[in-house]
Amino acid sequence: MMQRLLSGDYPRSRALTALLLIIGVSLALGPFLFPGVRAFSMLGMICVFIIVVASYDLMLGYTHIVSFAHTMFFGIGAYGVAMASDAFGSGYGALFIGIGGAMLLTILLSLLLGLLSLRVKAIFFALVTLAVAFAFLSLVTQLYNLTGGEDGLAMRVPRELGPAFRPFDEPWVGFDVVGFITGLFSAPAGAFQNALFDVRISGKHLMYYVAFVSAVLVFLFLLRMVNSPFGRVLQAIRENEFRAQALGYRTVFYRTAVVIVSALLATLAGVLFALINRYVNPENTLNFELMVFILLMCVIGGMGTLYGAVVGTAVFLLAQNYLQDLLKLLAGFTEPGSLLEHLVGPDRWLLWFGLLFVLSVYFFPTGIVGQLRLWAARRRQRRAGDSPLAEQGDQHHAS
Amino acid sequence: MASLHPETASRPVLETRDLTINFGGHVAVNRVSCAFHAGTLTSIVGPNGAGKTTWFNLISGQLAASAGSVRLFDEDITRLGAAARADKGLGRAFQLTNLFPNLTALENVRLAVASRHRIGHVFWQMASRRRDLTDRAAAYLEQVNLGRRAGDLVANLPHGDQRKLEVALMLALEPEVFMFDEPTAGMSVDEVPVILDLIADIKNKQNKVILLVEHKMDVVRSLSDRIVVLHNGELVADGEPAEVIASPIVQEAYLGASADEPAEEA
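Line by line, the protein sequences give chains A and B.
Just so we're aligned: 97 in UniProt numbering is position 97 of the first sequence, and the numbers increase by one with no gaps anywhere.
Just so we're aligned: 197 in UniProt numbering is position 197 of the second sequence, and the numbers increase by one with no gaps anywhere.
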């Protein structure tokens, strides 16, 4: 069962398995474990960006196609449904028209980009995608009649997926994990009781679970794909495209297929984003900064592992959202007015954010997942007294 | 001097007609016409820079011809890319080892097997569930004496083993035309017979076209049915091994130039 679900591609590290379980449980039960609007929207963003980053990893990590147009496809999905709801109202019909239109445009554009990779290679392809993405961004900004320009569009979601929908009269019970742990230190007696909170189930929760289930399905689908004969060909193209061709693989077909699949999944993520966020603008969907963040999540998690997309997304978004709080906490301990206070002030969060990522890329060039697997392999090898090469070989070894 | 177009009853499997390529002003292969029939092993000899590998690249599609044509089973394949030609039965083992370094030896061969079985597009099935393909790949590895290396990353294999793997990949493609480009170059003396036996085995058991670029004249003499000599991109001699080796043009152009075996082409 597990073998088939994960396509035989296990985490291969106990620490990684534990990490994935924590992330998985936190996402699955999230609304009942973390109270507050901020935590809730954070959970939704993690689900959405797992799809974005995992599909990006299919291109970058497995096929070595560097594209900067991933946010464009994300934006097409988000704007597709937002514009449809703007024009046709909040029904499911409008939603599906938006999804359909977005998917069609995505297929068309990604097909063109994929075929283009026949002519332009590597860095030049990356530059072309960058140009296309920027052209799309300015198009969206300028067609403000349709897209709302810089102001963006409010997404009108179907009633069942919005906050007004209340399927249950009674609130459900949630258990605040963070509150419970901090409570254990401050007031251990009432910690359990104090950690309980009410969860009023609404359409937002329904929507969250749509996103969560989508993320799980997309992840398992991609895991199957990279471990299929098709996925092996992708790895062959990554390793030596010239040789893959000499073996009879029409690499243009494979590259194009990967670009299209990856783009379609990004579009799906964009749709989910619009439905969760209920507001779409160039800043939150098409921005180049967002593209860089996607790239970072992929690299920090570990390229070419897919598990890296899950870990990278969770770590990155957590850091992005909670580093400021942490710094505020730290600043409280420093002497007011000192240089140290200035350095750890919450306004300096971007500095620390950047530094963290420079360090993580420097010390973990294969990403968090790559590093955890390396450590696990070394430990296994120390136990078995096996050769280190055999363990590395394990990574691609057929079962 | 032997005839350029040997009379044979059967249709040729592979044929090049006036095949030409020029790089800028330099004509690397100049109007080479040659036909190859099933069941024959043809050696291509000539000094370094004679255009042997370039000719191979034109046949298997790594380079596009400036003029002339390549025909496989009477079909013009000059316009096809390398992948399409491999699909039609042109198998190539490269002179400079050209593999997938960060995949295992077994995975390398399995990629060739998967290509032969045309399942590269299958994305819904786990690769490891196709035991039949894995077993086949393992069998080809056995054939080149690499069975015990199946799980090793190719990057970690010694040079000789990489050359053997190169041959295994071509075997796995089950091609109609086998193109060996100096298969034994850089191999240790005791490894060479493995490859030579394999080539002899293909020659004896399969009715295929075998092309062999080789510098070691004893190898050429013992294996070939026919020898083609290239010099400065032109076909200068073609015929029975003994006849060609004895011909003055070969003595001058190739063997006469240096008494020793020429060094391996860079």
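Glycine included, C-beta positions come from ideal geometry on N, C-alpha and C.
Asked                                                                                                                                                                                       : Found
Thinking residue 105 of chain B and residue 152 of chain B are a contact (beta carbons under 8 Å), I'd like their distance in whole angstroms, please.                                      : 6 Å
Would you call the segment 321-332 of chain A and the segment 272-280 of chain A in contact, with 3 or more CB pairs under 8 Å?                                                             : no
Let's see if you can read the secondary structure: which residues bound the alpha helix (DSSP H) around residue 355 of chain A?                                                             : 349-363
In the DSSP output, what is residue 45 of chain B paired with across the bridge?                                                                                                            : B:229
From the DSSP secondary-structure annotation, give me the bridge partner or partners of residue 197 of chain A.                                                                             : A:174
For chain B, find out if any of its Cβ atoms is closer than 8 Å to the Cβ of residue 233 of chain A; answer yes or no.                                                                      : yes
Would a check of beta-carbon distances place residue 122 of chain A closer than 8 Å to chain B?                                                                                             : no
Using a cut-off of 9 Å between C-beta atoms, extract the partners of residue 268 of chain A located in chain B.                                                                             : In chain order: nothing, as chain B lies at least about 17 Å away.
Drop a sphere of 10 angstroms on the beta-carbon of residue 189 of chain A, count the other beta-carbons inside from all chains shown, and report buried for 16 or more, exposed for fewer. : exposed
Closer than 7 Å by beta-carbon distance: list the chain B residues that pair up with residue 239 of chain A, in chain order.                                                                : 100, 101, 102 and 103
If we ignore side chains and look at the alpha-carbon of each, how far apart do residue 71 of chain B and residue 88 of chain B end up?                                                     : 11 Å
According to DSSP, is residue 190 of chain B part of a helix, a strand, or is it coil?                                                                                                      : coil
Taking residue 183 of chain B as the reference, give the member of B:175, B:169, B:173 and B:174 with the closest Cα.                                                                       : B:169
Return yes when the Cβ of residue 292 of chain A is within less than 8 Å of the Cβ of residue 368 of chain A, no when it is not.                                                            : no
DSSP beta-bridge partners for residue 22 of chain B?                                                                                                                                        : B:27
With a cut-off of 8 Å, does the C-beta of residue 210 of chain B fall near any C-beta of chain A?                                                                                           : no
Does residue 92 of chain B come within less than 8 Å of chain A when only Cβ atoms are used?                                                                                                : yes
Ordered along the chain, which non-local residues of its own chain (more than five positions away) have a Cβ less than 8 Å from that of residue 347 of chain A?                             : none
Do you know offhand how far residue 242 of chain A's Cα is from residue 53 of chain A's?                                                                                                    : 28 Å
List, in chain order, every chain A residue whose beta-carbon is nearer than 9 Å to that of residue 112 of chain B.                                                                         : 247 and 248
Please list the partners that residue 8 of chain A has in chain B, where partner means a Cβ-to-Cβ separation under 7 Å.                                                                     : 126 and 128
Give the residues of chain B in contact with residue 303 of chain A, contact being defined as C-beta atoms less than 9 Å apart.                                                             : Within chain B, no residue comes near residue 303 of chain A; the closest Cβ sits about 13 Å away, beyond 9 Å.
Please list the partners that residue 225 of chain A has in chain B, where partner means a Cβ-to-Cβ separation under 7 Å.                                                                   : 123
Select from B:19, B:43 and B:198 the residue whose C-alpha is nearest the C-alpha of residue 241 of chain B.                                                                                : B:43
Buried or exposed: where does residue 246 of chain B fall if 16 or more other Cβ atoms within 10 Å of its Cβ makes it buried?                                                               : exposed
Taking 7 Å as the cut-off, is the CB of residue 235 of chain B close to at least one heavy atom of the ligand HEM?                                                                          : With respect to the ligand HEM, the structure shown offers nothing to examine, as it has no ligands at all.
Which full runs of the beta strand (DSSP E) of 3+ residues lie inside the segment 233-268 of chain A, going along the chain?                                                                : none
Report the residues of the segment 308-341 of chain A with a CB closer than 8 Å to any CB of chain B, ordered along the chain.                                                              : none
Could you tell me the distance, in whole angstroms, from the CA atom of residue 218 of chain B to the CA atom of residue 40 of chain B?                                                     : 18 Å
With a cut-off of 8 Å, does the C-beta of residue 373 of chain A fall near any C-beta of chain B?                                                                                           : no
Residue 75 of chain B touches chain A at which residues, Cβ-Cβ below 7 Å?                                                                                                                   : What residue 75 of chain B touches in chain A: nothing, since even the nearest Cβ is about 16 Å away.
Please report whether the beta-carbon of residue 202 of chain B lies at a distance below 8 Å from any beta-carbon of chain A.                                                               : no
Express the C-alpha separation of residue 160 of chain B and residue 188 of chain B in angstroms, rounding to a whole number.                                                               : 7 Å
Which word fits residue 382 of chain A, buried or exposed, when buried means at least 16 other C-beta atoms lie within 10 angstroms of its C-beta?                                          : exposed
What's the call for residue 400 of chain A, buried or exposed, on a 16-neighbour Cβ count within 10 Å?                                                                                      : As shown, chain A starts at 1 and ends at 399. That puts residue 400 of chain A outside it, with no answer to give.
Under 8 Å, do residue 94 of chain B and residue 166 of chain B count as touching if we go by C-beta distance?                                                                               : yes
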